[in-house]
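Reading the sequence shown from the start, the letters are residues 0 to 503 in numbering that gives the first Met the number 0. Even glycine gets a Cβ: it sits at the ideal position worked out from N, Cα and C.
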Amino acid sequence: MLAEAAFLSGDTAGCVQAHERAFATHISAGDACAAARSAFWVGLILAGTGALSGAGGWLARATRVLDQYGENDCAERGYLLQPLARAHYAAGRYAGALEVAQSAADAGRRHADRDLVAVAMHSQGRALLRLERLDEGFALLDEVYVETFPAGLTSPVWTGIVACSVVDGCQQIGAFDRAAEWTAALSAWCDEQPELAQFSAECLVHRAEVLLRRGRWHDSLLEAGAAARSAEMSGLLVPAAAAAYRQGEALRLLGRTDKAEDAYRRAQRGGYDPAAGLARLQLDQRRVSAASATVRRALAVEDDPVRRAELLPVAVEAMLAADEPVDAATAASELGEIAVRWPTAGLRAVALQVRGAVALAAGDPATAATSVRDAWQLWTAQQATYEAALARLLLARACAALGDDEAAAAEESAGQAALALLRTSEAEQPQTAASPSGVRPMGLSAREVQVLRLISTGLTNRAIAERLVLSERTVDRHVSNILGKLGAATRTAATAFAFEHGLT
Numbered sequence: 000m001l002a003e004a005a006f007l008s009g010d011t012a013g014c015v016q017a018h019e020r021a022f023a024t025h026i027s028a029g030d031a032c033a034a035a036r037s038a039f040w041v042g043l044i045l046a047g048t049g050a051l052s053g054a055g056g057w058l059a060r061a062t063r064v065l066d067q068y069g070e071n072d073c074a075e076r077g078y079l080l081q082p083l084a085r086a087h088y089a090a091g092r093y094a095g096a097l098e099v100a101q102s103a104a105d106a107g108r109r110h111a112d113r114d115l116v117a118v119a120m121h122s123q124g125r126a127l128l129r130l131e132r133l134d135e136g137f138a139l140l141d142e143v144y145v146e147t148f149p150a151g152l153t154s155p156v157w158t159g160i161v162a163c164s165v166v167d168g169c170q171q172i173g174a175f176d177r178a179a180e181w182t183a184a185l186s187a188w189c190d191e192q193p194e195l196a197q198f199s200a201e202c203l204v205h206r207a208e209v210l211l212r213r214g215r216w217h218d219s220l221l222e223a224g225a226a227a228r229s230a231e232m233s234g235l236l237v238p239a240a241a242a243a244y245r246q247g248e249a250l251r252l253l254g255r256t257d258k259a260e261d262a263y264r265r266a267q268r269g270g271y272d273p274a275a276g277l278a279r280l281q282l283d284q285r286r287v288s289a290a291s292a293t294v295r296r297a298l299a300v301e302d303d304p305v306r307r308a309e310l311l312p313v314a315v316e317a318m319l320a321a322d323e324p325v326d327a328a329t330a331a332s333e334l335g336e337i338a339v340r341w342p343t344a345g346l347r348a349v350a351l352q353v354r355g356a357v358a359l360a361a362g363d364p365a366t367a368a369t370s371v372r373d374a375w376q377l378w379t380a381q382q383a384t385y386e387a388a389l390a391r392l393l394l395a396r397a398c399a400a401l402g403d404d405e406a407a408a409a410e411e412s413a414g415q416a417a418l419a420l421l422r423t424s425e426a427e428q429p430q431t432a433a434s435p436s437g438v439r440p441m442g443l444s445a446r447e448v449q450v451l452r453l454i455s456t457g458l459t460n461r462a463i464a465e466r467l468v469l470s471e472r473t474v475d476r477h478v479s480n481i482l483g484k485l486g487a488a489t490r491t492a493a494t495a496f497a498f499e500h501g502l503t
């Protein structure tokens, strides 16, 4: 319990020390299975910090203890399969990962270990997604979802690990609807535990990504900044780098180019390749050669088709800007093939939009119009407001090329209006989560200030939950806390307080 509490509060060293003490105590008592479980956790946590030799040694120790005591069929054997499944997955051996995870799930069922079953099923689901068996993969992940939320698994450590992993897997293949649903559940779970440090950073990174796709750039920037601070305080290098990249994306869309480039460089120093965002920034700055070099370098060293799918759209943009239509068509074709293999709404939308851009450049406006209109419908269904606006502008160009000036004007007007609305709403956002003096009055937390601002616009709790990617229950609690801290009986009184203190 001490080890688990230390882990969740961000004290990784304390967690490892407690598990080591537990291991020694279990060995002294002759409890091989309990000792192996403690050794497993030491190995898993050390692996997360990059201490691979120590991690491998403790995992090997766990296996040796079970072998020495003749414990050949126990839940701990199933847990020790998890690092092997992860190794297969990381190396692109998805069939191997699936097989190992299946064995772990079977062990969990034999020993009635609910955590092990859910963890192993999530590993199976992610492997199936990469094996292009989306229906099977999503079915397993959906089952894990109802096992994990709202109550959470027996171990909060596994709840956080599984949820963060599923969101990452869904985002990679463009399943943004499921990623948003898991993110909302994970956010509510984290918000209900104010001292939780270990998963808060990852949760905020995922929330920043969802907000970015929904056109809430300033809110995304706030979440990414909070994620970066949380990760840095806890010494979590990977989430810190991912948060820096999301900061760069939000800053780029907000037009803060210098700060965006700094954020991308911070991400790069932390081990996160910012090529996709950096290349778009370079295109915005009309540095076409630099953008082309950035994205071509990234593609040259990336052979995973799912990760290439993030780079190919900006590669097409750069190639068309550099007047390289043949290379652009090749990149668009590759992206189209990836979208056929993983036909999620996100990948299909971007592949259609890229196909339309290439067709328009090649003098085929009819194909362009059909593709881009389909892309716009997919973006709209996903609430991806910025991408939908760009699709309408591209559709306007296709309509103009077809000689339909009236339709072109209508699409241009609609696209520009959507962009203007995004930029206006972001321009009206305050730059900090505090009052102009930098002080949060009445002891309000940063999240409570954020919710109070939205209350003052007249939004309902459900609308606030949707905008901030939170559960409605979490927003209800924030509103109750705000009213209590302000001594306000109604939302109207809270709104008046917000106006008086410059929080609107």
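DSSP-derived helix/strand/coil call for Gly483: Helix at Gly483.
Euclidean distance between Cα positions of Pro429 and Leu310: Residue confidence is low: Pro429 scores 45 on pLDDT, short of 50, so the model does not pin down where it sits. Its coordinate-derived value is still stated next. Rounded to the nearest angstrom, the two C-alpha atoms are 32 Å apart.
How many Å lie between Arg347 and Val99 at the Cα? Whole-angstrom Cα-Cα distance: 31 Å.
Which listed residue (Asp114, Gly107 and His217) has its alpha carbon closest to that of Gln449: Measuring C-alpha to C-alpha distances from Gln449 to each of Asp114, Gly107 and His217 identifies His217 as the nearest.
Let me check understanding here. Comparing Cα to Cα, which of Leu469, Ala387, Ala138 and Glu410 lies closest to Gly396? Strictly speaking, residue 396 in this sequence is Arg, with Gly absent from that position. Minimum Cα distance to Arg396 is reached at Glu410.
Tell me whether Asp302 sits in a helix, a strand or coil according to DSSP, three-state version. Correct three-state label for Asp302: coil.
Given this structure, state the Cα-to-Cα distance separating Leu485 from Ser479, to the nearest angstrom. When rounded, the distance between both Cα atoms is 10 Å.
By Cβ distance, which residues of its chain are closer than 7 Å to Ala5, with the 5 residues on each side in sequence left out? A distance below 7 Å between beta-carbons, with the five flanking residues on each side excluded, links Ala5 to the following residues of its chain, in chain order: Gly13, Cys14 and Ala17.
Ordered along the chain, which non-local residues of its own chain (more than five positions away) have a Cβ less than 7 Å from that of Ala90? Taken in chain order, the list of residues that qualify is empty.
Going by beta-carbon coordinates alone, are Ala187 and Arg472 separated by less than 9 Å? Contact flag set, yes.
State the DSSP-derived secondary structure class of Gly270, mapped to helix, strand or coil. In the three-state reduction of the DSSP assignment, Gly270 falls in the coil class.
Between the beta-carbon of Gln123 and the beta-carbon of Ala104, is there less than 9 Å? A contact, by the Cβ cut-off of 9 Å.
Backbone secondary structure at Gln430 - three-state DSSP: Per-residue confidence for Gln430 stands at a pLDDT of 43, beneath the threshold of 50, marking its modelled position as unreliable; no derived number is given.
For the alpha helix (DSSP H) that contains Phe175, what are its first and last residues? Phe175 to Asp190 is the span of the alpha helix (DSSP H), which, as asked, contains Phe175.
Would you say the beta carbon of Ala350 is closer than 8 Å to some non-hydrogen atom of the ligand GTP? By its list of ligands, the structure shown contains no ligand whatsoever, and the ligand GTP lies outside what it can speak to.
Which residue comes first and which comes last in the alpha helix (DSSP H) that contains Ala348? Counting along the chain, Ala348 sits inside the alpha helix (DSSP H) bounded by residues Ala344 to Ala360.
So, at 7 Å on beta carbons, what are the nonlocal neighbours of Pro155 in its own chain, with the 5 sequence-adjacent residues on each side left out? The answer, listed in chain order, is Leu7.
Using 9 Å as the threshold, is the C-beta distance between Gly56 and Gly42 below it? In this structure, Gly42 lies closer than 9 Å to Gly56 by Cβ.
Rounded to whole angstroms, how far is the Cβ of Val204 from the Cβ of Ala174, which I believe are closer than 8 Å? Distance from Val204 to Ala174 at the Cβ level is roughly 17 Å; contact not present, criterion being Cβ atoms closer than 8 Å.
With distances taken Cα to Cα, identify the nearest neighbour of Thr62 among Ala35, Ala86 and Gly501. Checking every option, the nearest Cα to that of Thr62 belongs to Ala35.
Let me know if Leu334 comes out buried or exposed under the rule of 16 or more other beta-carbons within 10 Å of its beta-carbon. Buried, since its Cβ has 16 or more Cβ neighbours within 10 Å.
I believe Ala368 touches Trp378 by the beta-carbon criterion, under 8 Å. Please report the beta-carbon distance rounded to the nearest angstrom. Trp378 and Ala368 do not touch by the CB rule: their CB atoms are close to 16 Å apart, not below 8 Å.
Who are the near neighbours of Asp540 in its chain, counting only those whose CB is closer than 7 Å to its CB and skipping five residues on each side? Residue 540 falls outside the range modelled here, since the chain spans only 0 to 503, and no answer is possible.
Helix, strand or coil at Cys398 according to DSSP, with G and I counted as helix: In this structure, DSSP gives Cys398 a helical state, which the three-state scheme calls helix.
Would you identify the three-state DSSP class for Arg215, choosing helix, strand or coil? The answer is coil: DSSP assigns Arg215 none of H, G, I, E or B.
Pick out whichever of Leu451, Val143, Ser470 and Leu220 has its Cα sitting closest to the Cα of Phe498. Taking only the C-alpha atoms, the option nearest Phe498 is Leu451.
Report the option in Trp181, Asp373 and Ala106 whose CA atom is closest to the CA atom of Arg391. Looking at the Cα atoms, Asp373 is the closest of the given residues.
Option nearest Ser266 by Cα separation, candidates Gln281, Asp283 and Gly247: Rather than Ser, the amino acid found at residue 266 in this sequence is Ala. By alpha-carbon distance to Ala266, the top candidate from Gln281, Asp283 and Gly247 is Gly247.
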